[in-house]
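Peer 1: The following block contains the structure, expressed as structure tokens.
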Amino acid sequence: MKKPELLAPAGDLEKLKIALTYGADAVFLGGKRFSLRSRASNFDLDDIEDAVDFAHALDKKVYVTTNIFPHSEDLEGLKDYLKALERIRVDAIICASPAIIDVARKHTDLEIHVSTQQSITNSKAVKFWAKRGVKRIVLAREVTLDELKSLKTNSPLDLEVFIHGGMCVSYSGKCTLSNTMTDRDANRGGCAHSCRWNYDLIEKGERLSEQTPFSMASKDLQSIRYISKLLDLGADSLKIEGRMKSAHYIATVVKTYRKLIDEITSDIKVDIPKYLLEIKKAENRLSSKGFMEGMTGVEEQLYALRSEQPTQEFIGMVLDYDPSTHTALIEQRNHFKTGEAVEIFSPRFEPTTFIAKDMHDENGEELDVARHPKQRIRLPVPMPVEKYDMLRKVRDK
Amino acid sequence: MKLIVSATTDTLDMLLDKAIDGVIFPVRGHAMRYGETFEANQIEGYVKRAHAKGKKAYLSMNAIHHEPELASLESTFESLSGIPFDALYFADLAVYEVAGDYGLVHKLIYYPETYVTSTLDMRFWEEQSVKSAVLSREMTLEDIKVISQESQIGVSIIGHGYLNMFHSKRRLIKTFLNHVKRHDAQDTFNKPYTIIEEIREEEYPIYQDAFGTHIFREKPLSSVHVFDTLSPLVSDFIIDTQFFTPARIETIVDDYIRLQNGEPVDETKYDDHDDGFYFKKTVYRQGGGEAR
């Protein structure tokens, strides 16, 4: 069985390193220009070059999103920007606009992936882009597993499939609620998520949303149960969404799918409930199977904007480890105190729980509580740890 | 600038007697968000009727096609291939591919609603040998001017009508009514509903059909007050008649014919319309997230 690429989001350089360290084969990131999610995109060209160097040293890949639909005035500098991306050896660009694809093809040899913003749902559309020098299609999130089977059979390009994270409830690229309601251009990085707001639904003057507000919001996608099928169908890349998610979220989700894919392709019997439990440690919105099995229903929608608390809380990132004292240097990310049960989360071993004690700050002062964000703390740990290992606290349920 | 109007059986005879340039026949199963669609095997007769009155016959197949619908798309093209229609609107690239199999690419007009936003888009589609492309509804007058000046192919716009601003494959009305356990949840297709956001007053039309759920701007777009500006910039000015009564359609069409003839119209008739994005520049790079 072919092992697909596991593709993860990188909101900043630290998250990029975490995604790759925890098992992603490739990451996607946004630059300062031409990218949606501009709030999440803080990579200037120097940052992207650092990202590429880091990834390539691990024999992994970096894709850069240039996925807005630019207006004419946005096109200035496009050619130079794409040439710069080529010079710093990014592995591909992810484009929605034919304008950007065309400039990339005419002026660079960049590998081109067509974004899900194009909402491609059939193999004829894939063939259109195959004739125009594209390497990969990021399929619409509305494509079902049955449709993917036929698409894979009839498509000459690599197919990338979303497996986890937030979903536009609209066909991607087809929504301008934000433009109308907030003057912010959804297709140029300004989406205000108006689909997640509460509305009244009215029919002939009768309010149908008396008890519960009407909303278009969808639950996030979660595909743990479908990875085996996706591998059978030959999906070439499995994509995790969430450039604005936390480092802990990225680490947890990436590691979970990494391990799942590795077990399936090694013919190891997979314990699905264990994976479902693990992914819940990162979940902060309710999740569903999306369109995997066909048309969505009530179970795939989010009403009254309910959020889920993750079952674990990210409390610290390992910066360094002193083997002579078995002590980790931790950067605090959330409040914790001595005597609490803490779990070490690492790409290299199973989560291991211990009781936090003998905490000290960098000046050697003993601490009962780690209360300051980014505070550096020395904490004895029961096993050797490495940079980007994480500490998390088990929540009371 | 040609005046092109989407037709229904109720309005076709009236439209064919007007001094417009063409009518649009949406093809059933492959066209969405129109007042009415027509079976492929009826199209030949309608095209003949339009041509007999000296009008262009435009077809529309603007739906998104999923893999199982490709067979139907191909058989529809088989039915249409001998019919001398003048142009065909499409959004899905599958339509381009199948049209190519029948040597019909030169009749295509790209109409993806939100994707044609720059001079380079028009250049790309020119290189794909299509007849024209319909600009995104979010274009300002200034955007339209810039694109028009550089375009070598026809520049089409939706000049009048309700602008769609959201299309989901999900059956959002049915799903919601199921969630709140309404007895009428199974009877939601093609019925008119509206939604009102909790801190805004606008009431947006919403309905559900076989293609999913569609939401529209509160007020229809009118171009009566900018018609003279648009006239030299645009090749095809499309009047989208969805949600309008036949009488209202006739009034609208008559007024644009008057404008095209240089005659004045009573603009107050369109006080319940708005000017879309002609003067409303949407913001780029504000960052995603809540913005209420």
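Chain order of the listed sequences is Y and R.
Numbers in this note's numbering are just positions in the first sequence, counted from 1, shifted up by 1124.
Numbers in this note's numbering are just positions in the second sequence, counted from 1, shifted up by 14.
For each residue, glycine too, the CB sits at the ideal point set by N, CA and C.
1. Name the two residues that bound the continuous alpha helix (DSSP H) containing Leu273(R).
2. List, in chain order, every chain R residue whose beta-carbon is nearer than 7 Å to that of Met1291(Y).
3. Are the beta-carbon atoms belonging to Leu1357(Y) and Lys1273(Y) less than 7 Å from one another?
4. Taking DSSP as the reference, what is the three-state secondary structure of Ile1392(Y)?
5. Report yes if the CB atom of Gly1314(Y) is closer than 7 Å to the CB atom of Glu1365(Y), and no otherwise.
6. Can you pull the chain Y residues whose beta carbon is under 7 Å from the beta carbon of Val335(R), in chain order?
7. State the CB to CB distance for the pair Asp1220(Y) and Phe1193(Y), rounded to an integer number of angstroms; the pair is presumed to be in contact (CB under 8 Å).
8. So, are the CB atoms of Phe251(R) and Leu17(R) less than 7 Å apart?
9. If you run the structure through DSSP and keep just helix, strand and coil, what is Ser1342(Y)?
10. Under 7 Å Cβ to Cβ from Thr243(R), same chain only, skipping five residues before and after it: list those, please.
11. Using the beta-carbon count (16 or more within 10 Å), is Pro1447(Y) buried or exposed?
12. Between the C-alpha atoms of Ala66(R) and Leu1209(Y), what's the straight-line distance to the nearest angstrom?
13. Measuring straight from C-alpha to C-alpha, what distance separates Lys1126(Y) and Glu1387(Y)?
14. Would you mind sorting Ser143(R) into buried or exposed? The rule is 16 or more other CB atoms within 10 Å of its CB.
15. Distance cutoff 7 Å, beta carbons only. Does Ile1217(Y) sit that close to anything in chain R?
16. Which residues in chain R sit within 7 Å of Lys1369(Y), going by Cβ to Cβ distance?
17. Leaving aside the five residues before and after Thr1462(Y) along the sequence, list all residues of the same chain whose C-beta is less than 7 Å from its C-beta, in chain order.
18. Can you tell me which of Ser1196(Y), Tyr1187(Y), Asp1171(Y), Pro1280(Y) puts its alpha carbon nearest to the alpha carbon of Ile1236(Y)?
19. Tell me where the alpha helix (DSSP H) around Glu1284(Y) begins and ends.
20. Smallest Cα separation from Gln1425(Y): which of Lys1413(Y), Ser1390(Y), Ile1392(Y)?
21. Give the C-beta separation of Tyr207(R) and Glu1327(Y) to the nearest angstrom, bearing in mind that I take them to be a contact with Cβ-Cβ under 8 Å.
22. Identify the contact partners of Val160(R) in chain Y, using a Cβ-Cβ distance below 7 Å as the criterion.
23. Checking contacts by CB at 7 Å: is Phe1460(Y) closer than that to chain R?
24. Against Met1340(Y), what residues of chain R qualify as contacts under a CB-to-CB distance less than 7 Å, listed in chain order?
25. Identify the continuous beta strand (DSSP E) that holds Ala1216(Y) and give its terminal residues.
26. Could you give the distance in angstroms between the alpha-carbon of Pro1504(Y) and the alpha-carbon of Thr1380(Y)?
27. Taking Ala197(R) as the reference, give the member of Lys188(R), Lys205(R), Asn204(R) with the closest Cα.
28. Could you check whether the segment 56 to 64 of chain R touches the segment 18 to 30 of chain R, counting it as contact only if at least three pairs of C-beta atoms, one from each stretch, sit closer than 8 Å?
29. For the ligand NAD, is there a heavy atom less than 6 Å away from the beta-carbon of Leu186(R)?
30. Looking at His79(R) and Ala101(R), is the spacing between their C-beta atoms short of 7 Å?
31. Quick one: which chain Y residues come within Cβ less than 8 Å of Lys294(R)?
32. What three-state label does DSSP hand Ile213(R) in the structure shown?
33. Where does His1317(Y) land, buried or exposed, given buried means 16+ other C-beta within 10 angstroms?
34. Nearest chain R C-beta to Ala1249(Y) closer than 7 Å, yes or no?
35. Just to confirm the assignment: which complete beta strand (DSSP E) runs, minimum length 3, are found wholly within the segment 33 to 66 of chain R?
36. Determine the burial state of Lys1141(Y): buried for a count of at least 16 other Cβ atoms within 10 Å of its Cβ, exposed for fewer.
Peer 2: Taking the definition as stated:
1. 260 to 274
2. None at all; the shortest Cβ gap to chain R is about 10 Å.
3. If you check the CB distance, Leu1357(Y) and Lys1273(Y) come in under 7 Å.
4. coil
5. Inclusion of Gly1314(Y) and Glu1365(Y) in the CB contact set at 7 Å is not warranted, their separation being larger than that value.
6. Nothing about residue 335(R) can be read from this structure; chain R reaches only from 15 to 306.
7. Here residue 1220(Y) turns out to be Ala, not Asp, going by the sequence shown. Contact flag correct, Cβ pair sits at about 6 Å.
8. Against a cut-off of 7 Å, the Cβ pair of Leu17(R) and Phe251(R) comes out as a contact.
9. strand
10. Leu155
11. exposed
12. 56 Å
13. 13 Å
14. exposed
15. no
16. The premise fails here: Lys1369(Y) is roughly 13 Å from chain R at the closest Cβ pair, so nothing lies under 7 Å.
17. Ala1480, Lys1481, Met1483, Asp1492
18. Tyr1187(Y)
19. Taken as a continuous stretch (DSSP letters only), Glu1284(Y) belongs to no alpha helix (DSSP H), being part of the beta strand (DSSP E) at 1282 to 1289.
20. Lys1413(Y)
21. 5 Å
22. Ser1196
23. no
24. Ser182, Leu186
25. 1216 to 1219
26. 26 Å
27. The sequence shown places His at residue 197(R), not Ala. Of the listed residues, the one whose Cα sits closest to His197(R) is Lys188(R).
28. yes
29. No copy of the ligand NAD appears in this structure; indeed no ligand is present at all.
30. no
31. Asp1307
32. The answer is coil: DSSP assigns Ile213(R) none of H, G, I, E or B.
33. buried
34. Interface annotation, Ala1249(Y): in contact with chain R, CB-CB separation under 7 Å.
35. 36 to 40
36. Around the beta-carbon of Lys1141(Y), 16 or more other beta-carbon atoms lie within 10 Å, marking it buried.
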